[in-house]
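Participant: Please find one structure pasted underneath; my questions will follow.
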Amino acid sequence: MSFKDTFMNGEQGLFKPVSLTPMQKLILRFVVVGLVYYGFAVIEGMIMRIYAIEPIKAISDFQYFAILTAHPLVGIIGSTYSLVFGAFLFLVPFLMKKPLWSFKLGNWTFLLVTFGTLTFWLAGFISHYAPLYTLYWPLPADFSQFNPVGGSFFIIGIALVMLGTMFFVINIFKTIAYTPEGWEKQPGGALLASAIGYTGLRNLFRKKKEQVKHLVSLPVAAIARGTVDTALNAGVLLFTGVLILVYMIAHLLGGDLKDTAIDALLYKNWFWWGLDLIADGLVLIFVAGTWYLLATMITGKKLFMQNIARAALLVELIVSWTVWSHHLLSDQAQPGFLKIISGEMVTAFELITQGLAFYIVLATLWSARPLKMSNELKFLLGGLLGFALAVPAGIMQADIGLNRILHNTQWIIGPHVHVAILVGLTMTLYSAVYILFPIVTNGAKLYSQKLANFHFWAHLIGGIGMGAFMGMAGLGGMLRRTIYLNGEFNLYMILAGICGGLLLLAFLVFFYNIVMSLGLKGVIGIFTPSKLNVKDLVPAEQQ
Amino acid sequence: MVDSQVVLNGQTIAYTCYAIVIILVMGWFGIKITRKGKSSKLSHALFYSFVGFLVVLGVSLHIVTYHTIPWARMDINRADIKPDKVFNITVEDHQFILPSEKLIINVGDKALFDVTSNDLTYGFGLFRKDNSMLLQMQVVPGHRNDILWQFDKPGVYTIRSTEYSGPKGAQMILKDVVEVIAK
Chain A
1 MSFKDTFMNG
11 EQGLFKPVSL
21 TPMQKLILRF
31 VVVGLVYYGF
41 AVIEGMIMRI
51 YAIEPIKAIS
61 DFQYFAILTA
71 HPLVGIIGST
81 YSLVFGAFLF
91 LVPFLMKKPL
101 WSFKLGNWTF
111 LLVTFGTLTF
121 WLAGFISHYA
131 PLYTLYWPLP
141 ADFSQFNPVG
151 GSFFIIGIAL
161 VMLGTMFFVI
171 NIFKTIAYTP
181 EGWEKQPGGA
191 LLASAIGYTG
201 LRNLFRKKKE
211 QVKHLVSLPV
221 AAIARGTVDT
231 ALNAGVLLFT
241 GVLILVYMIA
251 HLLGGDLKDT
261 AIDALLYKNW
271 FWWGLDLIAD
281 GLVLIFVAGT
291 WYLLATMITG
301 KKLFMQNIAR
311 AALLVELIVS
321 WTVWSHHLLS
331 DQAQPGFLKI
341 ISGEMVTAFE
351 LITQGLAFYI
361 VLATLWSARP
371 LKMSNELKFL
381 LGGLLGFALA
391 VPAGIMQADI
401 GLNRILHNTQ
411 WIIGPHVHVA
421 ILVGLTMTLY
431 SAVYILFPIV
441 TNGAKLYSQK
451 LANFHFWAHL
461 IGGIGMGAFM
471 GMAGLGGMLR
481 RTIYLNGEFN
491 LYMILAGICG
501 GLLLLAFLVF
511 FYNIVMSLGL
521 KGVIGIFTPS
531 KLNVKDLVPA
541 EQQ
Chain B
1 MVDSQVVLNG
11 QTIAYTCYAI
21 VIILVMGWFG
31 IKITRKGKSS
41 KLSHALFYSF
51 VGFLVVLGVS
61 LHIVTYHTIP
71 WARMDINRAD
81 IKPDKVFNIT
91 VEDHQFILPS
101 EKLIINVGDK
111 ALFDVTSNDL
121 TYGFGLFRKD
131 NSMLLQMQVV
141 PGHRNDILWQ
151 FDKPGVYTIR
161 STEYSGPKGA
171 QMILKDVVEV
181 IAK
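Here the protein sequences come in this chain order: A and B. The first sequence begins at 1 in our numbering and counts up by one. The second sequence begins at 1 in our numbering and counts up by one.
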């Protein structure tokens, strides 16, 4: 096929959008939007990498901090939520062997996440609303720096995403528990109890003979437990958003509310509790669950120490509710017992739970030697390496002594956050994308394996390299969330910028490879309504 | 008291060694699982040993740092320690307001920095001439924010806000305003 033909019709013309079920189209829409928002986040990241070397004259300080505010939200909410929600709305029914409870609700999740993200991104871009994740009260309501109209749209955008998130949560739990039409009545309560870990917990106190069997598979249990944190987090963000909105509307109506009515430290505790349900809750639980699923799909074998893995997921859920105080180790008014118990000790449990997941996956892969180094395997190994690097970096800063000299430096955002998200989480998601690609496209073929290899190495080296050089700058005292005007850390920032460029290149190559695999007509076809009026996940002939 | 730069150097060495080892291990693992060979299950004993290692590592890190990093214990017990000098600093409208033009500290003294914010959440950090950080804390409005530090050698430090307080706060810097001098 000529280049033009491939560009229009995809690799060997194998991808036929007309053959897709409504569910396949929905999932592919999530993936495309997730990748587009990932592109937004990478470009914003590169702007900030350049700014860290030399402030760009065309971008004002206010615009820069608006980018800094939008960047993690577009990356996490716009991109990761889209990819994860899409994958799990497909995988839960796929693994439970029944249709999704509500396709309509799934569609609403897609629309709300997509347009909610666009709304807050545009609000930040146009009005320069930049209170970061609205963490530090009363900054979100500081109208001497921020426009309340832009701020209101920003909060409305976040609220739309959270509404879509709630729909996702309902859909996941309903899909686990409901009885499809024509089926024998399903034990909904028992299925939910098994999914969230209650059955396993009860089994600990039962005699061996009386122990109840797990009704859902381990990946479904992982998704369900991560979804609990997703729901709690959405609740926290919605509540906080409404609170901020009340201050904004009051200001717009000419009646400023007293910002001292809200205790800044309590607000910070509340908000970090909510945010850590993402960072230390659903991300780690979802990632562990995805690792387990990928390991069993790649090897075709049972997971090593499956029961321990299941128990560890429950421990991780409880840890995620009690871990937030490591973000407040430098807050001198924070009670000491919270710093030591929640901030240090509970946080150290993440080393254990994540270490267990790491070991279990490696042991499962080891048991199936020899394996082919497929795209999904190499990206899974990359994801494992990312968390193996990022979790200990986080545990180090979650220490009262070390936090005093690390807090808010580039160490946190480099070797911990970016290595965890870009290498750990994103490479795991790429692994899932590569393994699900033929299933959700009804057998489309990847355009170029060479480009996939380049994608892997450029992303891995770029991600680890960027994190490493940011970390070196952090150890040298470079702060995050500020501007250096005199090139104080230029050596590290130039090197981090080069690695960031490699990440951007990796993404562009991957995107090009996917577009060439599906063809332009195919990509457009994903967004047209499906002509198949079926509830099935994949066409009957594929099952 | 041990200089915080010494602790940072130790951390740099420890983490760099760990990072190199784990990258090599994963590289070796990737090669090994694709080579021809018999598939074999790993023993459960090895698994439980690994779990035990993680538990010991997670708990011992904090015990070791508590006993070796001097400011950790001093920070927790600061209410019971009498400082040699107290500096009351106010922050308002993205400005640090110091009690005097320069904050002078004698070598060996324990100095308490008591920082109050009248509006937003800020940070308070002391930085060396080479931009490396000596210490920092958060400055939260409506709460007491105090940090006790013992200065064991002469030096000049810059105060800088270590927390984001909006675009106006990016350059909250007071250059060379803290001086530690020999007695």
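Note that the Cβ used here is the ideal one computed from N, Cα and C, for glycine as well. Bear in mind that the values here come from a model prediction, so they are computed numbers and not experimental data.
1) Go through its chain and collect everything with a Cβ distance to Pro-70 (chain B)'s Cβ below 8 Å, but skip five positions before and after it.
2) Ala-444 (chain A) and Ser-517 (chain A): beta carbons closer than 8 Å?
3) Would the segment 92-110 of chain A and the segment 157-176 of chain A be scored as touching if the rule is three or more Cβ pairs under 8 Å?
4) Since Ile-249 (chain A) and Ala-141 (chain A) are thought to touch, with beta carbons under 8 Å apart, how far apart are those beta carbons, to the nearest angstrom?
5) If you measure beta-carbon to beta-carbon, which residues of the segment 131-150 of chain B are closer than 7 Å to chain A?
6) Closest Cβ-Cβ distance between Met-26 (chain B) and chain A: below 8 Å?
7) Considering only their Cβ atoms, is the gap separating Ser-165 (chain B) from Thr-116 (chain B) smaller than 8 Å?
8) Identify whether Gln-95 (chain B) lies in helix, strand or coil by the three-state DSSP scheme.
9) Can you give the Cα-Cα distance for Ala-72 (chain B) and Leu-57 (chain B), rounded to whole angstroms?
10) If you follow the alpha helix (DSSP H) that Phe-62 (chain A) is part of, which residue opens it and which one closes it?
11) Specify, as a first and last residue, the run of the alpha helix (DSSP H) that Asn-9 (chain A) falls within.
12) In chain order, what residues of the same chain lie with their CB nearer than 7 Å to the CB of Ala-420 (chain A), ignoring the 5 residues before and after it?
13) Tyr-81 (chain A) lies in the beta strand (DSSP E); which residues open and close that run?
14) Going along chain A in order, which residues have a C-beta closer than 8 Å to the C-beta of Glu-163 (chain B)?
15) Among residues of its own chain, excluding the 5 on either side of Phe-127 (chain B), which ones have a beta-carbon nearer than 7 Å to its beta-carbon?
16) Given that a residue counts as buried once 16 or more other Cβ atoms are within 10 Å of its Cβ, and exposed if not, what is Asn-145 (chain B)?
17) With distances taken from CA atoms, which of A:Ile-47, A:Pro-72, A:Val-84 is nearest Asp-61 (chain A)?
18) Going along chain A, which residues have a C-beta under 9 Å from Asp-155 (chain B)?
19) Report the rounded CA-to-CA distance for Gly-188 (chain A) versus Leu-91 (chain A), giving the unit in angstroms.
20) At 8 Å on the CB atoms, spell out the chain B contacts of Glu-344 (chain A), in chain order.
21) Taking the straight line between their C-alpha atoms, what separation do you get for Thr-347 (chain A) and Thr-353 (chain A)?
22) According to DSSP, simplified to helix, strand and coil, what is Ser-117 (chain B)?
23) Can you list, in chain order, the stretches of the alpha helix (DSSP H) that have 4 or more residues and sit fully within the segment 479-540 of chain A?
24) What number of angstroms, rounded off, separates the C-alpha of Asp-109 (chain B) from the C-alpha of Asp-80 (chain B)?
25) Which stretch, first to last residue, makes up the alpha helix (DSSP H) that contains Gly-382 (chain A)?
26) Does the Cβ-Cβ distance between Ser-320 (chain A) and Asp-229 (chain A) come in under 8 Å?
27) Out of curiosity, what's the CA-to-CA distance linking Asp-93 (chain B) and Gly-169 (chain B)?
28) Is Ile-318 (chain A) close to chain B, meaning its C-beta is less than 8 Å from at least one C-beta of that chain?
29) Tell me the residue span of the beta strand (DSSP E) that contains Met-133 (chain B).
30) Could you please give the first and the last residue of the uninterrupted alpha helix (DSSP H) stretch that includes Leu-8 (chain B)?
31) So Ser-127 (chain A) contacts chain B; which residues on that side make the cut at Cβ distance below 9 Å?
32) So, using beta-carbon positions, are Arg-481 (chain A) and Thr-409 (chain A) closer together than 8 Å?
33) Give the range of the alpha helix (DSSP H) segment to which Asn-269 (chain A) is assigned.
34) Taking any Cβ of chain A, which residues in the segment 35-56 of chain B have a Cβ under 8 Å from it, in chain order?
35) Of all the residues that make up the segment 258-291 of chain A, which are near chain B by a beta-carbon distance shorter than 8 Å?
36) Please classify Gln-150 (chain B): does DSSP put it in a helix, a strand, or coil?
Facilitator: So, from the listed chains and residues:
1) Stepping through the second sequence from its first residue, residue 70 (chain B) is reached at position 70. Excluding sequence positions up to five before and after Pro-70 (chain B), its CB lies within less than 8 Å of the CB of Met-1, Val-2, Gln-150, all in the same chain and listed in chain order.
2) As a working mapping, residue 444 (chain A) is identified with position 444 in the first sequence. As a working mapping, residue 517 (chain A) is identified with position 517 in the first sequence. Yes, they are a contact pair.
3) Three or more pairs of CB atoms, one per stretch, sit closer than 8 Å, so the segment 92-110 of chain A contacts the segment 157-176 of chain A.
4) To locate residue 249 (chain A), count along the first sequence from 1; it is residue 249. To locate residue 141 (chain A), count along the first sequence from 1; it is residue 141. Going by Cβ atoms, the distance from Ile-249 (chain A) to Ala-141 (chain A) rounds to 11 Å, so no, they are not a contact pair.
5) Only those residues of the segment 131-150 of chain B whose C-beta falls short of 7 Å from the nearest C-beta of chain A are listed: Asn-131, Ser-132, Met-133, Leu-135, Gln-136, Met-137, Gln-138, Val-140, Pro-141, Gly-142, His-143, Arg-144, Asn-145, Asp-146, Ile-147.
6) What you label residue 26 (chain B) is simply residue 26 of the second sequence in a count that begins at 1. Chain A, which has a Cβ nearer than 8 Å to the Cβ of Met-26 (chain B), makes this yes.
7) Reading the second sequence from its first residue, position 116 is the one you call residue 116 (chain B). Reading the second sequence from its first residue, position 165 is the one you call residue 165 (chain B). At the C-beta level, Thr-116 (chain B) and Ser-165 (chain B) stay beyond 8 Å of one another.
8) Looking up residue 95 (chain B) in the second sequence gives position 95. Here Gln-95 (chain B) sits in strand by DSSP.
9) Against the second sequence, residue 72 (chain B) aligns to sequence position 72. Against the second sequence, residue 57 (chain B) aligns to sequence position 57. The alpha-carbon atoms of Ala-72 (chain B) and Leu-57 (chain B) are separated by roughly 19 Å.
10) Taking the first sequence and counting its residues from 1, one reaches residue 62 (chain A) at position 62. Here the alpha helix (DSSP H) through Phe-62 (chain A) covers 61-73.
11) Translated into positions along the first sequence, residue 9 (chain A) becomes position 9. Asn-9 (chain A): member of the alpha helix (DSSP H) spanning 3-9, first to last residue.
12) For this step, residue 420 (chain A) is matched to residue 420 along the first sequence. Within the same chain, Ala-420 (chain A) has close Cβ partners Gly-386, Phe-387, Ala-390.
13) Translated into positions along the first sequence, residue 81 (chain A) becomes position 81. First-last for Tyr-81 (chain A): undefined, no H or E at that position.
14) Looking up residue 163 (chain B) in the second sequence gives position 163. Correct list: Tyr-136, Asn-408, Arg-481.
15) Position 127 of the second sequence, counted from the first residue, corresponds to residue 127 (chain B). Cβ neighbours of Phe-127 (chain B) beyond the five flanking positions: Met-133, Leu-134, Tyr-157, Thr-158, Arg-160.
16) Residue mapping note: residue 145 (chain B) aligns to position 145 of the second sequence, counting from 1. Counting Cβ neighbours within 10 Å, Asn-145 (chain B) comes out buried, since at least 16 surround it.
17) One-based indexing of the first sequence puts residue 61 (chain A) at position 61. For the options A:Ile-47, A:Pro-72, A:Val-84, the alpha carbon positioned closest to that of Asp-61 (chain A) is the one of A:Ile-47.
18) Here the question's residue 155 (chain B) lines up with position 155 in the second sequence. Checking the sequence shown, residue 155 (chain B) turns out to be Gly, not Asp. At a beta-carbon threshold of 9 Å, none of the residues of chain A lie near Gly-155 (chain B); the nearest stands roughly 14 Å away.
19) If you number the first sequence from 1, residue 188 (chain A) lands on position 188. If you number the first sequence from 1, residue 91 (chain A) lands on position 91. Their backbone Cα atoms lie some 19 Å apart in a straight line.
20) Stepping through the first sequence from its first residue, residue 344 (chain A) is reached at position 344. Those within 8 Å of Glu-344 (chain A) in chain B are His-62.
21) As a position in the first sequence, residue 347 (chain A) is number 347, starting the count at 1. As a position in the first sequence, residue 353 (chain A) is number 353, starting the count at 1. In this structure, the alpha-carbon of Thr-347 (chain A) lies about 10 Å from that of Thr-353 (chain A).
22) Position 117 of the second sequence holds residue 117 (chain B). The answer is strand: DSSP assigns Ser-117 (chain B) an E or B state.
23) Within the segment 479-540 of chain A, the complete alpha helix (DSSP H) segments at least 4 residues long are 490-518, 520-526, listed from N- to C-terminus.
24) Walking along the second sequence from the start, residue 109 (chain B) turns up at place 109. Walking along the second sequence from the start, residue 80 (chain B) turns up at place 80. Answer to the nearest angstrom: the Cα atoms are 16 Å apart.
25) Mapped onto the first sequence, residue 382 (chain A) falls at position 382. Segment 375-397, the alpha helix (DSSP H) holding Gly-382 (chain A).
26) Within the first sequence, numbered from 1, the residue matching residue 320 (chain A) stands at position 320. Within the first sequence, numbered from 1, the residue matching residue 229 (chain A) stands at position 229. For Ser-320 (chain A) and Asp-229 (chain A), yes; Cβs fall inside 8 Å.
27) Residue numbering aside, residue 93 (chain B) sits at position 93 when the second sequence is read from its first letter. Residue numbering aside, residue 169 (chain B) sits at position 169 when the second sequence is read from its first letter. Looking at the two C-alpha atoms, the distance is approximately 9 Å.
28) On the first sequence, position 318 is the one that residue 318 (chain A) refers to. For Ile-318 (chain A), the closest Cβ of chain B is not nearer than 8 Å.
29) Along the second sequence, one-based indexing puts residue 133 (chain B) at 133. Run containing Met-133 (chain B): 133-139, per the beta strand (DSSP E) assignment.
30) Reading the second sequence from its first residue, position 8 is the one you call residue 8 (chain B). Segment 4-34, the alpha helix (DSSP H) holding Leu-8 (chain B).
31) Stepping through the first sequence from its first residue, residue 127 (chain A) is reached at position 127. None at all; the shortest Cβ gap to chain B is about 13 Å.
32) Numbered from 1 along the first sequence, position 481 holds the residue referred to as residue 481 (chain A). Numbered from 1 along the first sequence, position 409 holds the residue referred to as residue 409 (chain A). No. Outside cutoff.
33) As a first step, residue 269 (chain A) must be located in the first sequence, where it is residue number 269. First-last of the alpha helix (DSSP H) with Asn-269 (chain A): 264-276.
34) So the close ones are Arg-35, Lys-36, Gly-37, Lys-38, Ser-39, Ser-40, Lys-41, Leu-42, His-44, Phe-47, Phe-50, Val-51, Leu-54, Val-55.
35) The residues in question are Thr-260, Asp-263, Ala-264, Leu-265, Lys-268.
36) For the purposes of this step, residue 150 (chain B) is taken as the residue at position 150 of the second sequence. Note: Gln-150 (chain B) maps to strand in three-state DSSP.
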